[in-house]
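Everything on this sheet refers to the single structure shown next.
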Amino acid sequence: MLYAIFCYSCEDVVGAWTSAEDAAVMSRLAIVEQKLAVTGRLGPVARLLPTTTAVTLRKGREVLVIDGPFAETREQLLGFYVVDCDGLEQAIDAARELAMANPGAGAYEIRPIGLYRPVAVRTVLGGAMKRFGA
Amino acid sequence: MSEMASMGGAGMDGAWIDAALTAARPQAVAALLRYFRDLDTAEEAFQDACLRALKAWPKNGPPRDPTAWLILVGRNAALDGVRKRSKSAPLPSEELISDLDDAEAALADRLDGEHYRDDVLRLLFICCHPDLPATQQVAVALRIVSGLSVRQIARAFLVSEAAMEQRITRAKARIGAGDVPFDTPGPLERAERLNAVAAMVYLIFNEGYSASGEAVQAKGSLCDEAIRLARLLLRLFQGEPEVMGLTALLLLQHARAPARFDAEGAVVLLEDQDRGLWNRRMITEGLALIDKAVRHRRPGPYLVQAAIAAEHARAERAQDTSWARIDLLYGDLEQLAPSPVVSLNRAVAVSKVAGPEAALAMIEPLAPRLSGYFHFFGLKGGLLLQLGRREEARAAFDQAIALANTAAEASHIRLHLDRLMTDGAAAEK
């Protein structure tokens with residue numbers, strides 16, 4: 001079974017870390033990631049840019065593009081895509097197409113990815129390639 | 135428990151608490167100011183809450199919403215103080231004290247509302263008091279909003295701690311004597327406040343960015359502070375393209391910090407900087423914000439300046455820079471916010487696109503208004519040098535040195551002069 005693990009925290013607190021603190025956390029996390037990677041169990045890893053960079057497409061009779069992150073608590077996170085785009089407009093177009101394919105209620109939050117590590121393919125067991133279709 | 139708090143053997147370490155208190159400060163002090171309508175009381179209440187947090191959080195774990203916790207505890211602590219001073223003051227409601235968890239949740243919900251947004255804006259806005267000179271606005275904002283110690287601020291402004299203490303106390307007295315606007319602002323007034331506050335955040339940034347030599351270390355943190363405040367503003371005013379532009383501008387400029395000075399502390403010009411040292415994460419964030427802001431199709435001065443910085447950030451090598459686009463953007467900026475300094479900057483782009491003669495013709499009319507401006511004579515000297523007018527170039531460089539604000543600026547021009555001298559000596563042989 002594949003699992004996604006979503007990271008939640010206060011971004012203003014994380015934003016108040018010094019760069020040394022930030023680097024220390026990242027290197028501690030890297031040790032855990034490495035453990036998963038060598039057994040072929042680690043998929044893509046992403047660190048998102050702050051929510052201030054987000055826009056949200058709100059589905060409905062007409063698709064609305066709103067500045068800011070998804071902020072409702074009535075709806076739940078059901079899935080995600082990673083898309084490679086020339087810029088925000090192209091990402092919005094992609095989300096718009098998704099919205100047309102799946103109309104009704106809900107929203108897509110579009111957030112740039114600041115750090116992205118695709119599947120680690122050079123693993124001991126080589127299982128990651130099969131598992132993640134790489 | 136947060137991810138951080140549960141990591142490592144140290145449990146919830148001091149660094150996490152420090153970061154949480156720093157992050158909560160503007161919001162918490164702003165809310166306490168609305169409640170007590172007195173800056174000193176609000177600051178003391180927050181201070182009190184922080185002390186209690188330092189004791190309580192390592193024992194009980196961090197609260198779900200640190201800001202709400204600090205506001206509530208700070209308010210109760212200050213009310214306790216008031217109650218001790220005057221027996222007749224009304225008591226805080228019982229359930230607020232006895233059931234902190236529920237109260238915290240309720241307060242956290244309310245914090246997301248408009249009220250809260252105006253609180254933070256008000257706190258920032260009172261620092262922009264028109265009677266206060268720019269440097270004092272910056273000092274007061276750093277003390278009250280960012281919570282920097284007087285010692286840190288004194289170091290950044292290269293004055294003694296006692297002098298800075300006095301300056302801040304006087305400035306705060308001035309703020310206290312004026313009318314602190316506690317009414318909920320209308321849309322127009324809110325926009326005006328936002329403008330003033332954005333300008334002040336930019337001032338804080340510039341105070342850090344213009345530092346050189348010894349002061350870089352002490353002032354560098356001001357740039358980080360300004361970026362933090364800009365992000366905070368943007369979280370509160372998510373649909374404002376100028377706030378996006380301001381944040382992007384600060385990020386894109388600060389991204390170059392690691393490359394702006396060499397090991398000896400001398401200025402490294404943009405075209406000579408090692409672009410591999412630029413902070414990619416800040417650049418990515420800055421570019422993403424511009425992308426967002428552009429969709430609003432009403433560019434303001436911050437956004438245009440950010441777009442100019444973005445042109446530099448996008449160029450992998452200095453020679454890849456699109457000076458034609460930068461020239462156009464400066465043209466926009468001249469329309470939006472005309473100033474001789476903007477025209478002077480545009481002349482740099484013009485010199486790259488149309489040559490030094492065109493640029494020189496462009497800056498000549500600026501001379502009367504920029505006769506006291508270091509960069510005017512620096513650029514003029516450089517253009518004259520390109521045209522082979524050596525004697526005039528030397529005169530311009532001499533004037534630049536006389537007007538230099540920092541040792542780094544002066545020594546940079548001296549390099550040009552030295553080169554003129556050696557080239558001249560070589561030519562005479």
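Residue numbers (the numbering used here), protein chains in the order written: chain A, 1 to 134; chain B, 135 to 563.
Glycine included, C-beta positions come from ideal geometry on N, C-alpha and C.
When the options are compared against residue i, the one with the closest alpha-carbon
i                      : options                       : result
residue 379 of chain B : B:479, B:422 and B:456        : B:422
residue 531 of chain B : B:475, B:514, B:333 and B:148 : B:514
residue 276 of chain B : B:342, B:252, B:318 and B:250 : B:342
residue 63 of chain A  : A:15, A:104 and A:13          : A:104
residue 169 of chain B : B:193, B:151, B:211 and B:149 : B:211
residue 5 of chain A   : A:18, A:46 and A:101          : A:46
residue 214 of chain B : B:179, B:204 and B:265        : B:179
residue 299 of chain B : B:541, B:288 and B:216        : B:288
residue 443 of chain B : B:418, B:430, B:432 and B:550 : B:418
residue 205 of chain B : B:193, B:462 and B:181        : B:181
residue 254 of chain B : B:412, B:292 and B:368        : B:368
residue 198 of chain B : A:13, A:96 and A:78           : A:13
residue 414 of chain B : B:387, B:404 and B:151        : B:387
residue 504 of chain B : B:373, B:396, B:473 and B:516 : B:473
residue 542 of chain B : B:350, B:286 and B:306        : B:350
residue 429 of chain B : B:381, B:297, B:374 and B:188 : B:374
residue 3 of chain A   : A:44, A:26, A:21 and A:32     : A:44
Pair within 8 Å by beta-carbon distance, residue i and residue j
i                      : j                      : result
residue 262 of chain B : residue 202 of chain B : no
residue 457 of chain B : residue 483 of chain B : yes
residue 353 of chain B : residue 360 of chain B : no
residue 56 of chain A  : residue 66 of chain A  : yes
residue 506 of chain B : residue 534 of chain B : no
residue 200 of chain B : residue 165 of chain B : no
residue 366 of chain B : residue 160 of chain B : yes
residue 36 of chain A  : residue 42 of chain A  : yes
residue 420 of chain B : residue 447 of chain B : yes
residue 437 of chain B : residue 416 of chain B : no
residue 401 of chain B : residue 546 of chain B : yes
residue 538 of chain B : residue 510 of chain B : no
residue 589 of chain B : residue 478 of chain B : Residue numbering for chain B in the displayed model covers 135 to 563; residue 589 of chain B lies beyond these limits and cannot be assessed.
residue 529 of chain B : residue 554 of chain B : no
residue 469 of chain B : residue 490 of chain B : no
residue 53 of chain A  : residue 11 of chain A  : no
residue 332 of chain B : residue 377 of chain B : yes
residue 279 of chain B : residue 363 of chain B : yes
residue 268 of chain B : residue 337 of chain B : yes
residue 427 of chain B : residue 408 of chain B : no
residue 173 of chain B : residue 309 of chain B : yes
residue 433 of chain B : residue 471 of chain B : no
Whole-angstrom distance between residue j and residue i, CA atom to CA atom
i                      : j                      : result
residue 208 of chain B : residue 191 of chain B : 15 Å
residue 218 of chain B : residue 314 of chain B : 27 Å
residue 465 of chain B : residue 480 of chain B : 7 Å
residue 273 of chain B : residue 302 of chain B : 7 Å
residue 391 of chain B : residue 339 of chain B : 12 Å
residue 184 of chain B : residue 155 of chain B : 7 Å
residue 398 of chain B : residue 370 of chain B : 41 Å
residue 115 of chain A : residue 81 of chain A  : 15 Å
residue 76 of chain A  : residue 108 of chain A : 11 Å
residue 525 of chain B : residue 425 of chain B : 46 Å
residue 117 of chain A : residue 30 of chain A  : 11 Å
residue 544 of chain B : residue 487 of chain B : 28 Å
residue 101 of chain A : residue 163 of chain B : 47 Å
residue 148 of chain B : residue 282 of chain B : 17 Å
residue 150 of chain B : residue 17 of chain A  : 8 Å
residue 186 of chain B : residue 193 of chain B : 11 Å
residue 232 of chain B : residue 90 of chain A  : Note that residue 232 of chain B scores 42 on pLDDT, short of 50, meaning its location in the model is unreliable and no value can be drawn from it.
residue 94 of chain A  : residue 70 of chain A  : 17 Å
residue 22 of chain A  : residue 358 of chain B : 14 Å
Check: In the region 255–281 of chain B, which residues sit with their C-beta less than 7 Å from some C-beta in chain A, listed in chain order?
Finding: none
Check: Which ranges does the alpha helix (DSSP H) cover as unbroken runs of at least 4 residues, wholly within the region 157–188 of chain B, from first to last along the chain?
Finding: none
Checklist line | Interfacial residues, the region 156–180 of chain B to chain A, with Cβ spacing under 7 Å | finding: 156 and 157
Next item on the list: Enumerate, from N- to C-terminal direction, the unbroken alpha helix (DSSP H) stretches of 4 or more residues contained entirely within the region 245–280 of chain B.
Entry: Secondary structure remark: continuous alpha helix (DSSP H) runs of at least 4 residues inside the region 245–280 of chain B, in chain order: 248–261 and 268–278.
Check: Of all the residues that make up the region 354–370 of chain B, which are near chain A by a beta-carbon distance shorter than 8 Å?
Finding: Close to chain A, meaning a Cβ-Cβ distance shorter than 8 Å, are the following residues of the region 354–370 of chain B: 362, 365, 366, 368 and 369.
Item checked: Contact list for the region 408–434 of chain B against chain A, Cβ threshold 8 Å -> 415, 418, 419, 422, 423, 425, 426 and 429
Next item on the list: For the region 531–562 of chain B, list the alpha helix (DSSP H) runs that are entirely contained and at least 4 residues long, ordered along the chain.
Entry: 541–562
Check: For the region 53–67 of chain A, which residues have a beta carbon sitting closer than 9 Å to at least one beta carbon of chain B?
Finding: 53, 54, 55, 65, 66 and 67
Next item on the list: With 7 Å as the limit, tell me which residues of the region 68–102 of chain A have their beta carbon closer than that to any beta carbon of chain B; keep them in chain order.
Entry: 68, 87 and 88
Checklist line | Short-range partners of chain B found in the region 32–52 of chain A, where Cβ spacing is below 8 Å | finding: 49, 50, 51 and 52
Next item on the list: Just list the alpha helix (DSSP H) runs in the region 433–489 of chain B, keeping only unbroken ones of 4 residues or longer that don't cross its boundaries, in chain order.
Entry: Unbroken alpha helix (DSSP H) stretches of 4 residues or longer found wholly inside the region 433–489 of chain B: 435–448, 457–470 and 474–488, given in chain order.
Next item on the list: Could you name the residues of the region 19–31 of chain A whose beta carbon sits closer than 8 Å to any beta carbon of chain B, in the order they occur along the chain?
Entry: Those would be 21, 25 and 28, in chain order.
Check: Curious, which full-length alpha helix (DSSP H) runs of at least 4 residues does the region 285–358 of chain B contain?
Finding: 295–311 and 321–343
Checklist line | Members of the region 380–405 of chain B that neighbour chain A once the beta carbon cut-off is set at 9 Å | finding: 381
Check: In the region 72–97 of chain A, which residue ranges form an unbroken beta strand (DSSP E) of at least 3 residues, counting only runs that do not cross its ends?
Finding: none
Notebook entry, point to check: If contact means a Cβ-Cβ distance below 8 Å, which residues of the region 280–303 of chain B contact chain A?
Noted result: none
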